[in-house]
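Numbering-wise (my numbering), the sequence shown opens with residue 118 and increments by one. Cβ atoms here follow ideal geometry from the backbone N, Cα and C, with glycine treated the same way.
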Amino acid sequence: MDAAAWKEYLKLLNSLSGTLEKLTELERSKTAAVSRGDLGGVEECMKQEQVHSMTLRGLDQKRDKLLARLDLTGVPLRRLAEHAPEGMEEETRRAADLLRRRYDVFQSASEVARNTLECNLHAIEMVQKAKDAPPPEDQPLQADFRA
(Lines of atoms letter the chains of each structure in order from A and count residues from 1; the text may use other names and numbers.)
(Lines give C-alpha, C1' and ligand atoms only; values in the text may rest on other atoms or scores of the structure.)
Protein backbone atom coordinates (compact mmCIF):
# COMPACT_ATOMS: atom_id res chain seq x y z
CA MET A 1 0.00 0.00 0.00
CA ASP A 2 1.17 3.53 -0.81
CA ALA A 3 2.09 5.02 2.60
CA ALA A 4 2.32 8.56 1.15
CA ALA A 5 -1.20 8.29 -0.27
CA TRP A 6 -2.41 6.92 3.07
CA LYS A 7 -0.88 9.87 4.95
CA GLU A 8 -2.54 12.20 2.45
CA TYR A 9 -5.83 10.45 3.13
CA LEU A 10 -5.43 10.83 6.91
CA LYS A 11 -4.60 14.51 6.43
CA LEU A 12 -7.79 14.83 4.39
CA LEU A 13 -9.83 13.14 7.13
CA ASN A 14 -8.43 15.67 9.62
CA SER A 15 -9.38 18.52 7.26
CA LEU A 16 -12.90 17.11 7.05
CA SER A 17 -13.02 16.99 10.85
CA GLY A 18 -11.91 20.61 11.07
CA THR A 19 -14.51 21.75 8.55
CA LEU A 20 -17.24 19.88 10.42
CA GLU A 21 -16.14 21.56 13.63
CA LYS A 22 -16.44 24.98 11.96
CA LEU A 23 -19.88 24.07 10.62
CA THR A 24 -20.93 22.95 14.10
CA GLU A 25 -19.91 26.32 15.55
CA LEU A 26 -21.87 28.06 12.79
CA GLU A 27 -24.94 25.97 13.61
CA ARG A 28 -24.64 27.00 17.24
CA SER A 29 -24.21 30.64 16.26
CA LYS A 30 -27.22 30.40 13.98
CA THR A 31 -29.31 28.88 16.79
CA ALA A 32 -28.31 31.75 19.08
CA ALA A 33 -29.08 34.34 16.38
CA VAL A 34 -32.49 32.79 15.73
CA SER A 35 -33.26 32.76 19.45
CA ARG A 36 -32.35 36.47 19.68
CA GLY A 37 -34.41 37.27 16.59
CA ASP A 38 -31.25 38.51 14.86
CA LEU A 39 -32.14 38.05 11.19
CA GLY A 40 -28.88 39.64 10.03
CA GLY A 41 -26.92 37.21 12.20
CA VAL A 42 -28.85 34.26 10.78
CA GLU A 43 -28.17 35.44 7.23
CA GLU A 44 -24.45 35.85 7.97
CA CYS A 45 -24.29 32.34 9.42
CA MET A 46 -26.04 30.96 6.34
CA LYS A 47 -23.53 32.69 4.03
CA GLN A 48 -20.63 31.22 5.99
CA GLU A 49 -22.34 27.81 5.95
CA GLN A 50 -22.43 27.93 2.16
CA VAL A 51 -18.69 28.59 2.01
CA HIS A 52 -17.88 25.75 4.41
CA SER A 53 -20.33 23.43 2.65
CA MET A 54 -18.53 24.04 -0.63
CA THR A 55 -15.22 23.31 1.11
CA LEU A 56 -16.73 20.13 2.51
CA ARG A 57 -17.96 19.10 -0.92
CA GLY A 58 -14.48 19.62 -2.40
CA LEU A 59 -12.85 17.62 0.39
CA ASP A 60 -15.37 14.83 -0.09
CA GLN A 61 -14.58 14.65 -3.81
CA LYS A 62 -10.86 14.41 -2.98
CA ARG A 63 -11.68 11.70 -0.44
CA ASP A 64 -13.51 9.68 -3.09
CA LYS A 65 -10.52 9.93 -5.44
CA LEU A 66 -8.07 8.93 -2.73
CA LEU A 67 -10.26 5.99 -1.70
CA ALA A 68 -10.26 4.78 -5.30
CA ARG A 69 -6.49 5.24 -5.52
CA LEU A 70 -6.05 3.25 -2.31
CA ASP A 71 -8.54 0.63 -3.55
CA LEU A 72 -10.79 1.28 -0.55
CA THR A 73 -13.98 2.38 -2.27
CA GLY A 74 -16.94 1.20 -0.21
CA VAL A 75 -14.94 0.60 2.98
CA PRO A 76 -16.81 2.22 5.86
CA LEU A 77 -14.96 4.66 8.10
CA ARG A 78 -15.33 2.36 11.11
CA ARG A 79 -13.37 -0.38 9.28
CA LEU A 80 -10.69 1.87 7.84
CA ALA A 81 -8.01 0.93 10.40
CA GLU A 82 -8.25 -2.69 9.26
CA HIS A 83 -6.86 -1.59 5.90
CA ALA A 84 -4.16 0.77 7.19
CA PRO A 85 -0.50 0.19 6.36
CA GLU A 86 1.44 -1.53 9.10
CA GLY A 87 2.23 0.83 11.94
CA MET A 88 -0.47 3.36 10.95
CA GLU A 89 -3.45 1.56 12.40
CA GLU A 90 -3.73 3.67 15.57
CA GLU A 91 -3.32 6.97 13.74
CA THR A 92 -5.97 5.84 11.27
CA ARG A 93 -8.33 4.78 14.06
CA ARG A 94 -7.91 8.16 15.80
CA ALA A 95 -8.56 10.14 12.60
CA ALA A 96 -11.62 8.06 11.71
CA ASP A 97 -13.02 8.23 15.27
CA LEU A 98 -12.53 12.00 15.41
CA LEU A 99 -14.31 12.45 12.10
CA ARG A 100 -17.24 10.27 13.19
CA ARG A 101 -17.57 12.12 16.52
CA ARG A 102 -17.42 15.53 14.85
CA TYR A 103 -20.02 14.43 12.32
CA ASP A 104 -22.33 13.26 15.11
CA VAL A 105 -21.91 16.56 16.99
CA PHE A 106 -22.53 18.50 13.78
CA GLN A 107 -25.70 16.50 13.10
CA SER A 108 -26.99 17.27 16.60
CA ALA A 109 -26.18 20.98 16.35
CA SER A 110 -27.75 21.12 12.90
CA GLU A 111 -30.95 19.50 14.17
CA VAL A 112 -31.20 21.96 17.06
CA ALA A 113 -30.68 24.90 14.68
CA ARG A 114 -33.28 23.56 12.26
CA ASN A 115 -35.84 22.99 15.01
CA THR A 116 -35.20 26.43 16.52
CA LEU A 117 -35.53 28.06 13.12
CA GLU A 118 -38.74 26.15 12.34
CA CYS A 119 -40.30 27.06 15.71
CA ASN A 120 -39.41 30.71 15.36
CA LEU A 121 -40.60 30.84 11.76
CA HIS A 122 -43.91 29.36 12.89
CA ALA A 123 -44.21 32.04 15.60
CA ILE A 124 -43.36 34.80 13.11
CA GLU A 125 -45.98 33.47 10.69
CA MET A 126 -48.61 33.41 13.43
CA VAL A 127 -47.84 37.00 14.45
CA GLN A 128 -47.91 38.09 10.81
CA LYS A 129 -51.25 36.37 10.21
CA ALA A 130 -52.74 37.97 13.31
CA LYS A 131 -51.44 41.36 12.24
CA ASP A 132 -52.81 41.02 8.70
CA ALA A 133 -56.17 39.55 9.70
CA PRO A 134 -59.18 41.89 9.60
CA PRO A 135 -60.92 42.49 12.93
CA PRO A 136 -63.85 40.18 13.68
CA GLU A 137 -67.17 41.48 12.33
CA ASP A 138 -68.90 41.43 15.70
CA GLN A 139 -66.43 43.90 17.18
CA PRO A 140 -66.49 47.50 16.09
CA LEU A 141 -63.30 49.15 14.92
CA GLN A 142 -61.77 51.22 17.62
CA ALA A 143 -60.62 54.65 16.66
CA ASP A 144 -58.37 56.90 18.64
CA PHE A 145 -60.12 60.30 18.79
CA ARG A 146 -57.55 61.91 21.03
CA ALA A 147 -56.18 65.08 19.56
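(request) Could you round the C-beta distance between A213 and L197 to whole angstroms and report it? I think they count as a contact, below 8 Å. (result) For the purposes of this step, residue 213 is taken as the residue at position 96 of the sequence shown. For the purposes of this step, residue 197 is taken as the residue at position 80 of the sequence shown. Indeed they touch by this definition, with Cβ atoms about 5 Å apart.
(message) Distance check for C236 and L140, CA to CA, integer angstroms please.
(response) If you number the sequence shown from 1, residue 140 lands on position 23. If you number the sequence shown from 1, residue 236 lands on position 119. It is roughly 21 Å from the alpha-carbon of L140 to the alpha-carbon of C236.
(request) Verify whether the separation of the beta carbon atoms of L234 and V151 is less than 8 Å. (result) Here residue 234 refers to the residue found at position 117 of the sequence shown. Here residue 151 refers to the residue found at position 34 of the sequence shown. Cβ atoms of L234 and V151: closer than 8 Å.
(message) Considering only the alpha carbon of each residue, which of L143, D177, A121 lies closest to R231?
(response) Within the sequence shown, the letter at position 114 stands for residue 231. Distance from the Cα of R231 is smallest, within the candidate group L143, D177, A121, for L143.
(message) Tell me the rounded alpha-carbon separation between L156 and T172.
(response) Position 39 of the sequence shown, counting from 1, holds the residue named residue 156. Position 55 of the sequence shown, counting from 1, holds the residue named residue 172. Spanning the two alpha carbons is a distance of roughly 25 Å.
(request) Hey, could you find the ends of the alpha helix (DSSP H) H200 is sitting in? (result) Position 83 of the sequence shown, counted from the start, is the residue given in the question as residue 200. Segment: none, H200 is in no alpha helix (DSSP H) and carries neither H nor E.
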